[in-house]
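Residue numbers (the numbering used here), protein chains in the order written: chain A, 199 to 388; chain B, 199 to 388; chain C, 199 to 388; chain D, 199 to 388; chain E, 199 to 388; chain F, 199 to 388.
Think of the CB as a built atom: it goes at the ideal place given N, C-alpha and C, for glycine as much as any other residue.
There are 6 protein chains.
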Amino acid sequence: MPQPDHVTALDIEDRDNLDERRQKYLRILQEKLGFVPNVIRAYSFDNTKLATFADFFSELMGGDSGLSSLEREMIAVVVSSINRCYYCLVSHGAEVRVQSGNPELGELLAINYRAAELSTRHRAMLDFAAKVTEAPHRIEEADRQSLRVAGFSDSDIWDIGAVASFFNMTNRMASAVDMMPNKEYHAQGR
Amino acid sequence: MPQPDHVTALDIEDRDNLDERRQKYLRILQEKLGFVPNVIRAYSFDNTKLATFADFFSELMGGDSGLSSLEREMIAVVVSSINRCYYCLVSHGAEVRVQSGNPELGELLAINYRAAELSTRHRAMLDFAAKVTEAPHRIEEADRQSLRVAGFSDSDIWDIGAVASFFNMTNRMASAVDMMPNKEYHAQGR
Amino acid sequence: MPQPDHVTALDIEDRDNLDERRQKYLRILQEKLGFVPNVIRAYSFDNTKLATFADFFSELMGGDSGLSSLEREMIAVVVSSINRCYYCLVSHGAEVRVQSGNPELGELLAINYRAAELSTRHRAMLDFAAKVTEAPHRIEEADRQSLRVAGFSDSDIWDIGAVASFFNMTNRMASAVDMMPNKEYHAQGR
Amino acid sequence: MPQPDHVTALDIEDRDNLDERRQKYLRILQEKLGFVPNVIRAYSFDNTKLATFADFFSELMGGDSGLSSLEREMIAVVVSSINRCYYCLVSHGAEVRVQSGNPELGELLAINYRAAELSTRHRAMLDFAAKVTEAPHRIEEADRQSLRVAGFSDSDIWDIGAVASFFNMTNRMASAVDMMPNKEYHAQGR
Amino acid sequence: MPQPDHVTALDIEDRDNLDERRQKYLRILQEKLGFVPNVIRAYSFDNTKLATFADFFSELMGGDSGLSSLEREMIAVVVSSINRCYYCLVSHGAEVRVQSGNPELGELLAINYRAAELSTRHRAMLDFAAKVTEAPHRIEEADRQSLRVAGFSDSDIWDIGAVASFFNMTNRMASAVDMMPNKEYHAQGR
Amino acid sequence: MPQPDHVTALDIEDRDNLDERRQKYLRILQEKLGFVPNVIRAYSFDNTKLATFADFFSELMGGDSGLSSLEREMIAVVVSSINRCYYCLVSHGAEVRVQSGNPELGELLAINYRAAELSTRHRAMLDFAAKVTEAPHRIEEADRQSLRVAGFSDSDIWDIGAVASFFNMTNRMASAVDMMPNKEYHAQGR
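Here is the structure:
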């Protein structure tokens, strides 16, 4: 059993303060996915922490955007690959496989997106996400301009930056607390 | 005038949809600080983006925690130093100087926290934040244990990880969109 | 179709000189696996190149050793993860899943072996393989001694070094020529 | 008091051998600046060490050159930023603020010169200084040619290289002995 | 005596199973070179390990190729320089000096090939070998195309990739077991 | 002719202002060594630049010190190895071979000092020099304490730091101007 049998490595007392809206949110996830994602279980020890994280996440990955849901998941996987985050690659890798119906795409992005045959749009998007991850202080106007040339609006650039930045947060949080993914993800979309 | 004269390098149309609660939030910031921080102005083109970001930020930096407000700002500065983020070092560097009343502390953390004389508690806290930033995939139980030995609870470890991870997000977002800090920060707490 | 539709990106004329022994080797692979691994197809343009590569590979991964076959595959995956080699992670990741019967183990080693719960023996073995990959000039007697303490003989240390070194070769060769894995690997052992 | 209360971390007996010329040099610094810079105090334990260092420094930063004094200080700050040298960023950061009358310029160069709006000349100069610092073995004729295109003579290129190289020395010496800056620098030019 | 007085740091029992062909191979090396290279002595504890290694090596460095023998040795030295491999730089550095009759060339490649005046062909060949060594996952079609533009065939590209990859293996194996070069190499070709 | 046929890549007009003391210095070098080292020829376009550099260099490498001349040259070579400086490795590598009478020592330090059998004193000295070169901002009191434990005085620590720092300057200056070593060095001490 090489995957540790915990949600996180921390032993934090549950504050037992989830309000009705959050309790409903957990029930809906359970019904829709068949399980509550461990990242949500991890934040559930406190109502405000869960609420602010889940709302921020939902807007980012599910809100209106010039980026499709799959595109946002692709960025998630490439950033998580660079940061070698087990939780995020397992869970968002599954999401890419399921949404794209293409297991190869999930593996290529999880291992090395440069080996994939991608549209100009997707290559530009992922190159920007990779640079934001690896060397943010070297981002300059020319990098944003490359995205515009590939057809992205300035609002899209905001969203690419926001999604790439967000997974640089969650990758690190998952590593900081040793968050383990739900085992259901492994077989999804294979 | 070496600092670019913009809030961000992006030209995004204002969606003009701030609700009453967010409008009040902006007025309070203006009254309390004398200006609206540019990060807040940057997110203000859309009500949901502003709301979810501001709520997440407020809980993290202002919510109940075993970490003092100054300690959270210290983590912010050390992470931003590693990522060389102009916006965050100028704004949170000011916060450290003001809250600590110690301009040297702000400079030491902004340049190289290893050169500072710090308590065992603060050194352990900043070493963990630095490792979360530089090599999250190398974090192991021994790193968390070092925090426990320095007196931190598992709930505190969550908060250290969360604050360090958050600034790895905002540093990258600021670089992605070339966010510029309000000029008022430069002279604060000197 | 994000995976390029070629064995390698090079256009090399087949020298059409495979001897009987090598032709039989290809037939056996086809019968046993249901396909000829693309690495073998790639080398098949010349008899001597195929012969010397296949013999070297067979001794290393299949010869007598204090390391089990699965252990050698585990090293292969960890090295290929560090080098982000698409070909080798897809093919040897499948091998780890199949030999171990544990899909999680394959994913953990492919993403970040430090997140796995491993025996002392396996952790020492993989730490050595990782250092051989990332910073070979920093290997010192203390590194070899750690393997001895974990129960490995000097002959085993040779084999750990040899397998780790070999995949540092094949990872690079696969990247140099853009070698693509057989698609059959993706679903194996899930 | 986070800044250590010493000039350096070393306890070296004063050789008490300063000649008249060096004693006068210290008096002039005290009169002109109001204090003797700690780097000079650090070298003062021996006359020859102080003399050769001070003469080398004076020629480099004060001698005839196609580079203005401010330009040489800008290089000093960018190199010291890359090397994260507390002593040099505090002292030469102050110098940039004072000579330029622009506190923002000091902060931008100390944090990330790529975020500043710079003339073509200054950007080329600082890019060369950064590469000399980060990857000197990758400097090639094309790098020198970029400086010529930006209007620098070969004598200027010598000086840019010499100033950038010098601070790669002093940054390291300051770190090696834990040299602390005079506290007067912090408030200068704010 | 700063060079350790062993062939490798491992104590492996000789299996005493060299067949006639390998015994002859050792005698020929002794006669031709005046000594048996330590890498061959190291592998000689087992017949199959020696046979498969020596055959693979002979094909690679001595087989038919669009690359001259000296060119293959040049790649060996540049790769070994990046990996800081004492064994390989001493032995293949000697080979470059002897084959080229140019001691400067050996030193330039061993220290920093970018400082050498090279033909367009050799510069392209060594740039590819360096990238294969330092960042194989960043190799893309453009890198292969640069070799074609410099006059290399796709078969040559295979060979450049194969030689560069091979020395990434042997460099690491030499470091893993602390292999020491024969002292005769030091004076060769000076 | 792979070594460029120039002293440096810069074309700087000779200011023709060498005073008698410097002219004599050049004559003595010519007589004593049989040639004027190119670094001295490079600085000779201006009297003050030559004088301040040569005086600083002479004190550092030839002045009274608890470090022997050979020890200072050993530091020079290890620092220059890390920075891959062709000029300094050729010239100071020769110096180590000549002063030690041991060509292996020169090669070991030029390639990878960790592969050498060194006294505790020399290993500690070179580890400190390497860290000063690679990560000066990570030097802490524990690093200086390791030197004291190995028998060095605080004055010796100053000198180790000063020599290591100096070659971080000259390595970069040599690379910035493409300084080429005198060819006489190659054969010295072999």
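Q: Could you tell me whether the region 263-272 of chain F touches the region 250-260 of chain D, where touching means 3 or more Cβ pairs closer than 8 angstroms?
A: no
Q) Cβ of residue 312 of chain F less than 8 angstroms from any chain C Cβ? A) By 1-based counting over the sixth sequence, the position of residue 312 of chain F is 114. Taking Cβ atoms only, chain C reaches closer than 8 angstroms to residue 312 of chain F, which makes this a yes.
Q. Residues of chain B with CB under 9 angstroms from residue 361 of chain D, in chain order?
A. Counting from one through the fourth sequence, the residue named residue 361 of chain D turns up at place 163. By Cβ distance, chain B contributes nothing, its closest Cβ being about 19 angstroms from residue 361 of chain D, past 9 angstroms.
Q. Going along the chain, which residues of its own chain have a beta-carbon closer than 8 angstroms to the beta-carbon of residue 350 of chain F, five neighbours each way excluded?
A. Taking the first residue of the sixth sequence as position 1, residue 350 of chain F is located at position 152. Cβ within range, chain order: 264, 319, 322, 323, 358.
(Q) Please list, in chain order, the chain B residues whose beta carbon lies closer than 7 angstroms to that of residue 309 of chain D. (A) Here residue 309 of chain D refers to the residue found at position 111 when the fourth sequence is read from its first residue. Simply 282, 284, 287.
(Q) List, in chain order, every chain C residue whose beta-carbon is nearer than 9 angstroms to that of residue 335 of chain B. (A) If you number the second sequence from 1, residue 335 of chain B lands on position 137. Within chain C, the residues near residue 335 of chain B are 309, 310, 312, 313.
Q: Note down, in chain order, each residue of its chain lying with its Cβ closer than 6 angstroms to the Cβ of residue 248 of chain E, except the 5 sequence neighbours on either side.
A: Taking the first residue of the fifth sequence as 1, we reach residue 248 of chain E at position 50. The residues are 220, 241, 242.
Q: Note down, one range per segment and in chain order, each alpha helix (DSSP H) of at least 4 residues found wholly within the region 214-245 of chain A.
A: 218-231, 236-241
Q. For residue 263 of chain F, does the three-state DSSP call read helix, strand or coil?
A. Here residue 263 of chain F refers to the residue found at position 65 of the sixth sequence. In this structure, residue 263 of chain F counts as coil in the three-state DSSP scheme.
Q: Starting from residue 338 of chain B, find everything on chain C with Cβ-Cβ shorter than 7 angstroms and list it in chain order.
A: By 1-based counting over the second sequence, the position of residue 338 of chain B is 140. Those within 7 angstroms of residue 338 of chain B in chain C are 312.
**Q.** residue 353 of chain E versus residue 210 of chain C - alpha carbon distance
**A.** Counted from its first residue, the fifth sequence places residue 353 of chain E at position 155. Counted from its first residue, the third sequence places residue 210 of chain C at position 12. Going from the Cα of residue 353 of chain E to the Cα of residue 210 of chain C covers about 6 angstroms.
(Q) Considering only the alpha carbon of each residue, which of D:207, D:316, D:201, D:200 lies closest to residue 341 of chain F? (A) Counting from one through the sixth sequence, the residue named residue 341 of chain F turns up at place 143. Taking only the C-alpha atoms, the option nearest residue 341 of chain F is D:207.
Q: Keeping to the same chain, check which residues put their C-beta closer than 7 angstroms to that of residue 204 of chain A; ignore five residues upstream and five downstream.
A: Reading the first sequence from its first residue, position 6 is the one you call residue 204 of chain A. So the list reads 378, once near-sequence residues are dropped.
Q: Give the straight-line distance between the Cα atoms of residue 385 of chain C and residue 292 of chain C, rounded to the nearest whole angstrom.
A: The sequence position of residue 385 of chain C within the third sequence is 187, counting from 1. The sequence position of residue 292 of chain C within the third sequence is 94, counting from 1. Whole-angstrom Cα-Cα distance: 8 angstroms.
Q) Counting only beta-carbon atoms, is residue 194 of chain A nearer than 8 angstroms to chain B? A) There is simply no residue 194 of chain A to check, as chain A begins at 199 and stops at 388 in what is shown.
Q) For residue 274 of chain C, which residues of its own chain have a beta-carbon under 6 angstroms away from its beta-carbon, when the five flanking residues on both sides are left out? A) In the third sequence, the residue the question calls residue 274 of chain C occupies position 76. Correct list, in chain order: 290, 365.
Q) So is residue 345 of chain F in contact with chain E if we call contact Cβ pairs under 8 angstroms? A) Taking the first residue of the sixth sequence as position 1, residue 345 of chain F is located at position 147. Chain E, which has no Cβ nearer than 8 angstroms to the Cβ of residue 345 of chain F, makes this no.
Q: For residue 237 of chain D, collect the residues of the same chain with a Cβ closer than 6 angstroms to its Cβ; drop the 5 residues on either side in sequence, then sort them by chain order.
A: As a first step, residue 237 of chain D must be located in the fourth sequence, where it is residue number 39. The answer is none, since no qualifying residue turns up.
**Q.** Between the CA atoms of residue 374 of chain D and residue 288 of chain D - distance to the nearest angstrom
**A.** Position 90 of the fourth sequence, counted from the first residue, corresponds to residue 288 of chain D. Position 176 of the fourth sequence, counted from the first residue, corresponds to residue 374 of chain D. Their backbone Cα atoms lie some 17 angstroms apart in a straight line.
Q | residue 215 of chain A versus residue 332 of chain E - alpha carbon distance | A | Here residue 215 of chain A corresponds to residue number 17 of the first sequence, with the count starting at 1. Here residue 332 of chain E corresponds to residue number 134 of the fifth sequence, with the count starting at 1. Each residue's Cα considered, the two are about 51 angstroms apart.
Q) Taking only runs of the alpha helix (DSSP H) that begin and end inside the region 282-307 of chain C, which ones reach a length of at least 4 residues, in chain order? A) 284-298
Q: List the residues of chain B that residue 261 of chain A touches, going by C-beta distances under 7 angstroms, in chain order.
A: Against the first sequence, residue 261 of chain A aligns to sequence position 63. Near residue 261 of chain A (Cβ distances below 7 angstroms), the residues of chain B are 246.
Q: Determine the DSSP secondary structure at residue 325 of chain E, reduced to helix, strand or coil.
A: For the purposes of this step, residue 325 of chain E is identified with residue 127 of the fifth sequence, where counting begins at 1. DSSP places residue 325 of chain E in helix when its eight states are reduced to three.
Q. If we ignore side chains and look at the alpha-carbon of each, how far apart do residue 254 of chain C and residue 325 of chain C end up?
A. In the third sequence, the residue the question calls residue 254 of chain C occupies position 56. In the third sequence, the residue the question calls residue 325 of chain C occupies position 127. Distance between the alpha carbons of residue 254 of chain C and residue 325 of chain C is about 24 angstroms.
Q: Report the three-state DSSP secondary structure of residue 388 of chain A (helix, strand or coil).
A: Start at 1 with the first residue of the first sequence, and residue 388 of chain A comes out as number 190. Correct three-state label for residue 388 of chain A: coil.
Q | Inter-residue spacing [alpha-carbon to alpha-carbon] between residue 226 of chain C and residue 308 of chain E | A | Looking up residue 226 of chain C in the third sequence gives position 28. Looking up residue 308 of chain E in the fifth sequence gives position 110. Answer to the nearest angstrom: the Cα atoms are 44 angstroms apart.
Q: Measure from the alpha carbon of residue 345 of chain D to the alpha carbon of each residue in D:361, D:222, D:336, D:327, then state which is nearest.
A: Looking up residue 345 of chain D in the fourth sequence gives position 147. Per the Cα distances, D:327.
Q) Which residues in chain A sit within 8 angstroms of residue 370 of chain B, going by Cβ to Cβ distance? A) One-based indexing of the second sequence puts residue 370 of chain B at position 172. Those are 330, 331, 334, 359, 362, 363, 366, listed as they occur along chain A.
Q.
Does the CB of residue 353 of chain F have a neighbour CB from chain H at under 8 angstroms?
A. Looking for chain H here will not work: the only protein chains present are A, B, C, D, E and F.
(Q) Between residue 212 of chain A and chain B, is any beta-carbon pair separated by less than 8 angstroms? (A) Against the first sequence, residue 212 of chain A aligns to sequence position 14. Taking Cβ atoms only, chain B never reaches closer than 8 angstroms to residue 212 of chain A, which makes this a no.
**Q.** Interface partners of residue 202 of chain B on chain D, CB under 7 angstroms
**A.** Here residue 202 of chain B refers to the residue found at position 4 when the second sequence is read from its first residue. Going along chain D in sequence order, the residues near residue 202 of chain B (Cβ under 7 angstroms) are 315.
Q) Mapping DSSP to helix, strand and coil, what is residue 359 of chain A? A) Numbered from 1 along the first sequence, position 161 holds the residue referred to as residue 359 of chain A. Reduced to three states, the DSSP call for residue 359 of chain A is helix.
Q | Coarse secondary structure for residue 201 of chain B, derived from DSSP in three states | A | Position 3 of the second sequence holds residue 201 of chain B. Looking at residue 201 of chain B - three-state DSSP - the assignment turns out to be coil, as it is neither helix nor strand.
Q.
Excluding the 5 residues flanking residue 276 of chain C on each side, which residues of the same chain have their C-beta closer than 7 angstroms to its C-beta?
A. Taking the first residue of the third sequence as position 1, residue 276 of chain C is located at position 78. Excluding positions up to five away in sequence, the list reads 307, 311, 324, 327, 328.
**Q.** Sequence-distant residues of the same chain with beta carbon closer than 7 angstroms to residue 301 of chain B, five excluded per side
**A.** In the second sequence, the residue the question calls residue 301 of chain B occupies position 103. Around residue 301 of chain B: 295, 387, 388.
Q.
Going by DSSP in three states, residue 334 of chain D sits in which element: helix, strand or coil?
A. Within the fourth sequence, the letter at position 136 stands for residue 334 of chain D. Residue 334 of chain D: helix per DSSP, three-state reduction.
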